[in-house]
Amino acid sequence: MIIEDDPAINHGIELTLGNELYDFSSCSCLAEARKVDLQSVDMILLDLNLPDGNGLSFLQEVRKTSRVPVLVLTANDTELDEVTGLSMGADDYVTKPFSLMALRLRVQNLLGRSKTSFAYEKNGLALDFDELHFLKDGVDIELSKTEIRLLRCLVENEGITLSREKLIDYVWQNEQYVDENALTVSIKRLRDKIEGKDEKLIHTVYGIGYVFRWEK
Numbered sequence: 080m081i082i083e084d085d086p087a088i089n090h091g092i093e094l095t096l097g098n099e100l101y102d103f104s105s106c107s108c109l110a111e112a113r114k115v116d117l118q119s120v121d122m123i124l125l126d127l128n129l130p131d132g133n134g135l136s137f138l139q140e141v142r143k144t145s146r147v148p149v150l151v152l153t154a155n156d157t158e159l160d161e162v163t164g165l166s167m168g169a170d171d172y173v174t175k176p177f178s179l180m181a182l183r184l185r186v187q188n189l190l191g192r193s194k195t196s197f198a199y200e201k202n203g204l205a206l207d208f209d210e211l212h213f214l215k216d217g218v219d220i221e222l223s224k225t226e227i228r229l230l231r232c233l234v235e236n237e238g239i240t241l242s243r244e245k246l247i248d249y250v251w252q253n254e255q256y257v258d259e260n261a262l263t264v265s266i267k268r269l270r271d272k273i274e275g276k277d278e279k280l281i282h283t284v285y286g287i288g289y290v291f292r293w294e295k
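Heads up: the sequence shown at position 20 corresponds to 99 in the working numbering, and the numbers run straight through without jumps.
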């Protein structure tokens, strides 16, 4: 989906991407874009300065429900603008004027990256333990090696209560002594990274251990 109000730029993008046999819809404002079902969209090219609002507000809306790749197109070329866009969930940021050939390559790269097969993909959480690629609401999550092993054990046993002893053995299998507090700390850090404001994924089962189960 292309969201761009400049007819000349819109036409240039359509010609460039059309040559690659992409199917796309074009919107000139946010009102039109909001009518499009995001489930049918593989990628969004988003201008920020639109007639009926700022594209960043639309980006925030998208990231609440989707991790579809978003490439921002804008005349806002300061470093702060770029950092703001990327921190709000944009996958790439291109300032105007730009090369249509370079844009096509960026689109190809993002579409290729979005085809990653995730071992777990539910409720805004996408986890690929083979490629070490982790997303929450479309935004990359940085996990430590300990957090990755802990999360993998929990996810692969979704709905099953795991004892603290089993989790410690799995996560720290090669270490002779592990402070029990290490598991508590790692669970807290993991919760902070993967749980949303109004949801619960890692539940404490008092006196036993933990269970991975999504609850609102």
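Backbone N, C-alpha and C fix where the C-beta goes; we use that ideal spot for every residue, glycine too. This structure is a prediction, so every number in the text was calculated from the model and none was measured.
Cβ separation of residue i and residue j, assumed to be a contact under 8 Å, to the nearest whole Å
i	j	result
P148	M180	19 Å between Cβ atoms; not a contact.
C108	D85	The Cβ separation is near 12 Å, so there is no contact.
I273	L204	6 Å
Spatial neighbours of residue i in its chain, beta-carbon cut-off 6 Å, leaving aside the 5 residues before and after
i	result
V257	I247, W251
A161	Reading the sequence as shown, one finds Glu at residue 161 and not Ala. Closer than 6 Å at the Cβ level, and outside the excluded window around E161, lie Y172.
N202	W293
L125	I82, G134, V149, V151
A110	D131
Pairwise C-alpha distance: residue j and residue i
i	j	result
I287	T263	13 Å
I81	S105	5 Å
K143	N253	39 Å
C232	A87	52 Å
I92	A112	17 Å
S178	S242	56 Å
K114	V120	12 Å
D219	P130	30 Å
F103	L190	13 Å
L182	L152	10 Å
E259	E235	22 Å
K279	G97	43 Å
L214	E226	14 Å
L269	H90	45 Å
S265	A198	22 Å
E237	P176	48 Å
R185	Y285	49 Å
T240	E221	25 Å
L206	E200	6 Å
T174	Y101	22 Å
S166	K245	37 Å
S223	G275	19 Å
L230	F291	9 Å
DSSP beta-bridge partners of residue i
i	result
S105	I81
L150	L124, D171
H282	V290
Cβ-based neighbour list, residue i, same chain, cut-off 7 Å, excluding 5 preceding and 5 following
i	result
S145	L117, G217
D209	none
T283	Y289
D277	K295
L127	N133, G134, L135, V151, T153, N155
Y249	R228, C232
T95	L179, L182, R183
Contacting residues, own chain, Cβ-Cβ under 8 Å from residue i (five flanking each side not counted)
i	result
G168	L138, Q139, V141, R142, V149, D216, G217, V218
- Whole runs of the beta strand (DSSP E) within the region 112-141, excluding any shorter than 3 residues: Runs of the beta strand (DSSP E) inside the region 112-141: 123-126.
- Query: Fully enclosed by the region 169-244, which beta strand (DSSP E) runs are 3 residues long or longer?
  - Reply: DSSP runs (the beta strand (DSSP E)) wholly in the region 169-244: 171-174, 199-201, 204-207, 212-215.
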